[in-house]
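Mapping of the sequence shown onto numbering that gives the first Met the number 0: residues 0 to 393, in sequence order. In what follows, a single structure is set out as structure tokens and then discussed.
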Amino acid sequence: MQTLEALAREAGSLADGPRRVIPILSAAESEVGRQMQICNACRYCEGFCAVFPAMTRRLEFGKADIHFLANLCHNCGACLHACQYAPPHEFAVNVPKAMAEVRGQTYMDYAWPPALGALYQRNGLTLSLALAGALALFLALAVAMKGGLWGTAPGENFYSVFPHNLLVALFAPVFLFATLALAMGVRRFWRDITPATSGAPLNGPAAAEAADAALRLRYLDGGHGDGCHNEDDAYTLARRRFHHLTFYGFMLCFAATGVATLYHYAFGWAAPYALPSLPKLLGVAGGISLMFGTAGLWHLNRKRHPLHGDPAQKPMDLGFIALLFLTSSSGLALWLGRGTPALALLLCVHLGAVMALFATMPYGKFGHGIFRSAALLRHAVEKRLPNPVGLGSD
0 MQTLEALARE AGSLADGPRR VIPILSAAES EVGRQMQICN ACRYCEGFCA
50 VFPAMTRRLE FGKADIHFLA NLCHNCGACL HACQYAPPHE FAVNVPKAMA
100 EVRGQTYMDY AWPPALGALY QRNGLTLSLA LAGALALFLA LAVAMKGGLW
150 GTAPGENFYS VFPHNLLVAL FAPVFLFATL ALAMGVRRFW RDITPATSGA
200 PLNGPAAAEA ADAALRLRYL DGGHGDGCHN EDDAYTLARR RFHHLTFYGF
250 MLCFAATGVA TLYHYAFGWA APYALPSLPK LLGVAGGISL MFGTAGLWHL
300 NRKRHPLHGD PAQKPMDLGF IALLFLTSSS GLALWLGRGT PALALLLCVH
350 LGAVMALFAT MPYGKFGHGI FRSAALLRHA VEKRLPNPVG LGSD
């Protein structure tokens with residue numbers, strides 16, 4: 000006599016045709032699914048951020064849905080402090096923590112090459128600083144063997160310490176690999192979440208809305224414009240502002256490098272560039288912005304409420320912040336130390352920090368901005384379509 004389980008499998012096979020392979024959820028993914036079922040019944044936080052309107056379009060949460068929602072979450076903490084089912088309630092709903100744990104898992108799952116995904120677990124503060132220090136020491140020893148590390152001012156041109164072509168040969172492969180690894184990872188993520196988010200192609204209005212949300216950090220305002228939370232239940236816009244300083248500071252520094260490359264190869268104008276040249280203006284403004292932004296994020300991260308996010312990822316967060324701060328501060332110090340005997344040493348420190356940042360970029364916190372932008376794009380596409388559930392509103 001057939002068991003009830005066997006009969007259920009046979010009925011499912013007859014209903015669905017060929018048997019579908021349903022991905023097995025991890026413990027962290029199952030916890031997000033459990034909490035989303037509770038939130039879907041409550042909906043008190045529906046206006047807080049993009050996660051909850053996206054949630055109302057689903058009655059069940061598969062692996063791809065959970066990955067999408069986890070990367071759509073900005074970990075602002077607003078829903079935790081508003082939730083009537085948050086700890087110590089027996090339901091123990093803590094959306095920021097649950098989502099953060101799955102985000103960390105997605106970074107590893109979608110890492111490219113896949114074998115290097117485990118590096119996310121080891122990419123912490125100590126490793127980041129040790130790598131930057133080791134690279135700086137290696138460069139300093141190479142310069143010292145030529146007798147020019149200290150005591151003889153090589154002028155304002157750091158190409159007298161490291162030739163331009165040598166710097167390109169050192170940094171181009173690392174930068175290109177980091178770019179390729181991030182692109183391949185987000186490509187796999189995009190292919191997985193697209194069917195779970197209607198499957199509709201990207202369009203202009205959706206792209207514009209997602210870009211606006213990403214560039215303004217719209218979902219770090221708590222859903223009401225007063226900001227989200229950090230160490231307590233008080234609203235603050237500090238995280239949003241320091242994120243802006245960090246992001247736009249980084250982009251200004253990147254633009255300075257891009258303009259300098261154009262000057263060098265297109266016009267034959269060799270560095271160094273003095274004020275008020277465009278590369279110098281962009282670099283100084285970006286360096287100052289990046290330094291203050293990362294210092295602020297470090298301070299907020301150390302004070303963050305223990306129920307916000309995943310404590311296991313804190314070393315990775317602090318490592319990324321530290322490398323960005325070291326890159327910006329050493330770059331500014333290099334500019335201020337031009338024409339002094341310290342130029343060669345400062346250059347080694349700066350290059351070590353930059354190379355460590357590039358080397359850890361595909362397997363550190365930098366990836367969260369890429370994955371979150373992809374999730375925002377899919378959300379902007381999905382919300383323009385009729386709600387398949389027919390309940391709630393967008």
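Using N, Cα and C, we set each Cβ at its ideal position, and we do this for glycine too. It should be emphasised that the depicted structure is a prediction, and the values quoted were computed from it without experimental measurement.
In this structure, the CA atom of A69 is about 44 Å from the CA atom of F157.
By the Cβ test, the region 324-339 is in contact with the region 276-288, since at least three Cβ pairs between them sit closer than 8 Å.
With a beta-carbon spacing of about 6 Å, M315 and K364 fall inside the 8 Å limit used to define contacts.
The region 364-374 makes no contact with the region 163-174; the number of CB pairs closer than 8 Å stays below 3. Of the residues Q312, S159, L136 and L299, the one whose Cα lies closest to the Cα of M354 is L136. Exclusion of the five residues before and after T326 leaves A352, V353 and L356 as the residues of its chain whose Cβ lies within less than 6 Å of its Cβ.
Shown here for L375: same chain residues with a beta carbon closer than 8 Å to its own, the five before and five after excluded, namely A49, L71, A209, A212 and A213 in chain order. Approximately 24 Å separates the beta-carbon atoms of L342 and S288; this is outside 8 Å, ruling out the contact. When secondary structure is reduced to three states using DSSP, C75 falls in the coil class, being assigned neither helix nor strand. Contact annotation: M360 and A177 have beta-carbon atoms nearer than 8 Å. Contact check for C41 against C227 fails: the beta carbons are separated by 8 Å or more. Excluding sequence positions up to five before and after G292, its CB lies within less than 6 Å of the CB of F241, L244, T245 and G248, all in the same chain and listed in chain order. L79 is a Cβ neighbour of V94, given a cutoff of 8 Å. For C227, the secondary structure class from DSSP, reduced to helix, strand or coil, is strand.
Less than 8 Å divides the Cβ of D64 from the Cβ of A195.
Counting every other CB atom within 10 Å of its CB across the protein chains shown gives V388 a total below 16, marking it as exposed. Classified as buried, K62 has 16 or more neighbouring CB atoms from the shown chains inside 10 Å of its CB.
The shortest CA-to-CA distance from F47 to any of A284, H223 and G330 is the one to H223. By the 16-neighbour rule on beta-carbons within 10 angstroms, D309 is buried.
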